[in-house]
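Residue numbers (the working numbering): 5 to 217.
Every residue gets a Cβ at the ideal spot worked out from N, C-alpha and C, and that includes glycine.
No experiment lies behind these values; they were computed from the predicted model shown.
Data first, discussion second: the structure below is written as structure tokens.
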Ligand SMILES: [Zn+2]
């Protein structure tokens, strides 16, 4: 077992850099980064019983019922013996209760970013129309404006990155997670980290709040 074994939940609005931070923690401490999206993808690719059950709902454009989500999450968390970083789960109080009953969570880290900053960052995203590589005109600029460094393709804004669509996603995020955040705050498990700073500073603030070295 690792010295710094921890089970944590990472909560953050789109644009907060949650994926980047999860990756840094995974590299440093070996905690497995677990997102429900990846779990479904992997189970469907491997055609597991759970993957096939979930696929029926996904193919119909329906939400996968909690029953299957729980089984798929439980299976992954049971295997994450060196600790895990749970990302995108729990989203509601049913899911919180499921976690409470089955796993011990040491910390819940909330990456806090004002909505307007999130909008600004997401509206700065660009994708190469040809090779699909990601850019961001604030943080990850191409060498030549509007042109992909790798293939010379045109950089475009994704259809779902209009301000209106972004604000809708942010609203949905708040509606879904507010109660979950409140719950963990009441339990004394919540640490809030300022996500409006450079990647390395956010990382340092997280590990300080987790109390790991
Ligand atoms: Zn390209």
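**Prompt:** For residue 160, is the beta carbon positioned less than 8 Å from some heavy atom of ligand 1?
**Reply:** The beta carbon of residue 160 sits no closer than 8 Å to any heavy atom of ligand 1.
**Asked** Which class does residue 126 belong to by DSSP, given the choice of helix, strand or coil?
**Response** Note: residue 126 maps to helix in three-state DSSP.
**Prompt:** Looking only at DSSP bridge pairs, what is residue 11 linked to?
**Reply:** Answer is 88, bridged to residue 11.
**Message:** Output needed for residue 177: all residues of its chain with C-beta closer than 8 Å, excluding positions within five of it in sequence on either side, in chain order.
**Reply:** Cβ within range, chain order: 17, 18.
**Prompt:** Of the choices 207, 213, 179, whose alpha-carbon is the least far from that of residue 194?
**Reply:** For residue 194, the closest of 207, 213, 179 by C-alpha to C-alpha distance is 213.
**Proximal residues to residue 107 (C-beta, below 7 Å), its chain only, five neighbours per side dropped** = 11, 81.
**Request:** Would you identify the three-state DSSP class for residue 29, choosing helix, strand or coil?
**Result:** Collapsing the DSSP output to three states places residue 29 in a helix.
**Message:** Tell me whether residue 134, by its Cβ, gets closer than 8 Å to a heavy atom of ligand 1.
**Reply:** Yes - ligand 1 has a heavy atom lying nearer than 8 Å to the Cβ of residue 134.
**Message:** Report the CB separation of residue 130 from residue 161 in whole angstroms; it is logged as a contact under 8 Å.
**Reply:** Contact between residue 130 and residue 161 holds, since their C-beta atoms are separated by about 6 Å, short of 8 Å.
**Prompt:** Who pairs with residue 37 in a beta bridge, going by DSSP?
**Reply:** Note: residue 37 sits in a beta bridge opposite 89.
**Closest by C-alpha distance to residue 124, when choosing among 113, 136, 142, 116** = The shortest Cα separation from residue 124 among 113, 136, 142, 116 belongs to 142.
**Prompt:** What's the call for residue 22, buried or exposed, on a 16-neighbour Cβ count within 10 Å?
**Reply:** Buried, by the Cβ-count rule.
**Beta-carbon proximity check, residue 165 vs residue 127, cutoff 9 Å** = Cβ atoms of residue 165 and residue 127: closer than 9 Å.
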